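S.K.: Chains as they are written, first to last, in the numbering used here: chain C, 28 to 141; chain F, 1308 to 1426.
Provided herewith is a single structure, encoded as structure tokens, for subsequent inquiry.
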């Protein structure tokens, strides 16, 4: 699976949008971009995923560049409860030999402050 | 969404003893479960992939004789840390996938984790 690069940490004011970047310049054509987050001392939580189109759900939006070499996770109105480590992961989905395995990088520590 | 539970949520044991951690899928059948380990201020590291009814596949560097994995049913996988030592103290997290779900976003669900402290 392709590796990802994320900033170590970011800050965001409560109520503002949090934009978390991820670089995945070696992504392959059959690899999806997944985002998970981990609140302190809990298991990871799925946020969103995409292949090449922008995606939006009740938690966040995912913007993937046209060349798919980078993406941005957007939390439109960050709250204090969004403080967590955010992981950007690229991996194949159906049919790949690494199907099901998630390789976690260091992630971005997002701190939302009042 | 689907729920994965772990038991116990935390455990303290003496060096040299064995500790069993359970991972259960509560409302779906998980043919595949994954075990991760996370040291303080570090990311999750995959230890092994557990398939129901067959032997687990361990990642490079993980001792299969020390970390015994059993996936005897479609809703339960266990990780036994044998002869635990202080360096085994860590946060152990399992995840499970339901192959019946075709929605990629619901593919894998994580448990809440088990904090192991070996004295």
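Note that beta-carbon positions come from the ideal geometry of N, C-alpha and C, so glycine has one too.
Bear in mind that the values here come from a model prediction, so they are computed numbers and not experimental data.
Going by CA-CA distance only, name the one from F:1402, F:1387 and F:1424 that's closest to residue 1327 (chain F).
M.R.: Start at 1 with the first residue of the second chain, and residue 1327 (chain F) comes out as number 20. Ranking F:1402, F:1387 and F:1424 by Cα distance to residue 1327 (chain F) puts F:1387 first.
S.K.: Looking at the C-beta of residue 1356 (chain F), does it have a partner C-beta in chain C at a distance below 8 Å?
M.R.: Translated into positions along the second chain, residue 1356 (chain F) becomes position 49. Chain C, which has a Cβ nearer than 8 Å to the Cβ of residue 1356 (chain F), makes this yes.
S.K.: Using a Cβ-Cβ cut-off of 8 Å, state whether residue 125 (chain C) counts as contacting chain F.
M.R.: To locate residue 125 (chain C), count along the first chain from 1; it is residue 98. Model confidence at residue 125 (chain C) stands at a pLDDT of 49, short of 50, so the residue's coordinates are unreliable; what they give is reported in the following sentence. Not closer than 8 Å to any Cβ of chain F, the Cβ of residue 125 (chain C) fails to qualify, so no.
S.K.: Out of C:39, C:34, C:35 and C:32, point me to the one whose CA is closest to residue 103 (chain C)'s CA.
M.R.: Reading the first chain from its first residue, position 76 is the one you call residue 103 (chain C). When only C-alpha atoms are compared, the closest one is C:39.
S.K.: Might you give, ordered along the chain, the residues of its own chain that have their beta carbon closer than 6 Å to the beta carbon of residue 61 (chain C), omitting 5 neighbours on each side?
M.R.: Your numbering for residue 61 (chain C) matches position 34 in the first chain. Answer for residue 61 (chain C): 76 and 116, listed in chain order.
S.K.: Can you name the residues of chain F whose CB is closer than 9 Å to the CB of residue 68 (chain C)?
M.R.: Here residue 68 (chain C) corresponds to residue number 41 of the first chain, with the count starting at 1. Near residue 68 (chain C) (Cβ distances below 9 Å), the residues of chain F are 1398, 1419, 1420 and 1422.
S.K.: To the nearest angstrom, report how far apart residue 91 (chain C) and residue 30 (chain C) are at their CA atoms.
M.R.: As a first step, residue 91 (chain C) is located in the first chain; it is residue number 64 there, counting from the start. As a first step, residue 30 (chain C) is located in the first chain; it is residue number 3 there, counting from the start. Cα to Cα, the separation comes out at about 16 Å.
S.K.: Nearest-angstrom Cα distance between residue 1395 (chain F) and residue 73 (chain C)?
M.R.: What you label residue 1395 (chain F) is simply residue 88 of the second chain in a count that begins at 1. What you label residue 73 (chain C) is simply residue 46 of the first chain in a count that begins at 1. So the two alpha carbons sit approximately 27 Å from each other.
S.K.: Does the beta carbon of residue 33 (chain C) sit closer than 8 Å to a beta carbon anywhere in chain F?
M.R.: Against the first chain, residue 33 (chain C) aligns to sequence position 6. It does not: the Cβ of residue 33 (chain C) has no partner Cβ on chain F nearer than 8 Å.
S.K.: Spell out whether any CB of chain F is found under 8 Å from the CB atom of residue 56 (chain C).
M.R.: Stepping through the first chain from its first residue, residue 56 (chain C) is reached at position 29. No, residue 56 (chain C) does not count as interfacial toward chain F.
S.K.: Between which two residues does the beta strand (DSSP E) holding residue 117 (chain C) run?
M.R.: Numbered from 1 along the first chain, position 90 holds the residue referred to as residue 117 (chain C). Element bounds for residue 117 (chain C): 111 to 119.
S.K.: Under the three-state reduction of DSSP, which class applies to residue 107 (chain C): helix, strand or coil?
M.R.: One-based indexing of the first chain puts residue 107 (chain C) at position 80. Residue 107 (chain C): helix per DSSP, three-state reduction.
S.K.: Interface residues of chain F around residue 79 (chain C) at Cβ under 9 Å?
M.R.: Against the first chain, residue 79 (chain C) aligns to sequence position 52. Those within 9 Å of residue 79 (chain C) in chain F number zero; the least Cβ separation is about 14 Å.
S.K.: Can residue 1342 (chain F) and residue 1357 (chain F) be called in contact, C-beta distance under 8 Å?
M.R.: The residue labelled residue 1342 (chain F) in the question sits at position 35 within the second chain. The residue labelled residue 1357 (chain F) in the question sits at position 50 within the second chain. Taking 8 Å as the Cβ cut-off, residue 1342 (chain F) and residue 1357 (chain F) qualify as a contacting pair.
S.K.: Between C:131, C:141, C:138 and C:108, which lies nearest to residue 49 (chain C) when the distance is taken from Cα to Cα?
M.R.: Residue mapping note: residue 49 (chain C) aligns to position 22 of the first chain, counting from 1. With distances taken between Cα atoms, residue 49 (chain C) lies closest to C:131.
S.K.: Please list the partners that residue 1333 (chain F) has in chain C, where partner means a Cβ-to-Cβ separation under 8 Å.
M.R.: Taking the first residue of the second chain as 1, we reach residue 1333 (chain F) at position 26. Per Cβ cutoff of 8 Å: no residues; residue 1333 (chain F) is ~14 Å from chain C at best.
S.K.: In whole angstroms, what is the alpha-carbon distance linking residue 1350 (chain F) and residue 1385 (chain F)?
M.R.: In the second chain, residue 1350 (chain F) corresponds to position 43, counting from 1. In the second chain, residue 1385 (chain F) corresponds to position 78, counting from 1. Cα-Cα distance, rounded: 22 Å.
S.K.: Suppose the cutoff is 7 Å on Cβ atoms and the five residues either side in sequence are ignored; what does the same chain contact list for residue 111 (chain C) look like?
M.R.: The residue given as residue 111 (chain C) occupies position 84 in the first chain. In the same chain as residue 111 (chain C), and ignoring 5 residues on each side of it, the C-beta atoms closer than 7 Å to its own belong to 64, 65, 66 and 137, in chain order.
S.K.: Does residue 124 (chain C) come out as helix, strand or coil in the three-state DSSP assignment?
M.R.: Position 97 of the first chain, counted from the first residue, corresponds to residue 124 (chain C). Annotation note: pLDDT 46 at residue 124 (chain C) (below 50); position unreliable, no value reported.
S.K.: Report the CB separation of residue 1425 (chain F) from residue 1322 (chain F) in whole angstroms; it is logged as a contact under 8 Å.
M.R.: By 1-based counting over the second chain, the position of residue 1425 (chain F) is 118. By 1-based counting over the second chain, the position of residue 1322 (chain F) is 15. 6 Å between Cβ atoms; contact.
S.K.: For residue 1371 (chain F) and residue 44 (chain C), what's the separation of their Cα atoms in angstroms?
M.R.: Translated into the one-based positions of the second chain, residue 1371 (chain F) becomes position 64. Translated into the one-based positions of the first chain, residue 44 (chain C) becomes position 17. Between residue 1371 (chain F) and residue 44 (chain C), the C-alpha separation is close to 45 Å.
S.K.: Using a Cβ-Cβ distance under 8 Å, would residue 1318 (chain F) count as near chain C?
M.R.: Working through the second chain from its first residue, we reach residue 1318 (chain F) at position 11. Not an interface residue.
S.K.: Of all the CB atoms in chain C, is at least one closer than 8 Å to the CB of residue 1322 (chain F)?
M.R.: Taking the second chain and counting its residues from 1, the one referred to as residue 1322 (chain F) is at position 15. So no, residue 1322 (chain F) is outside the interface.
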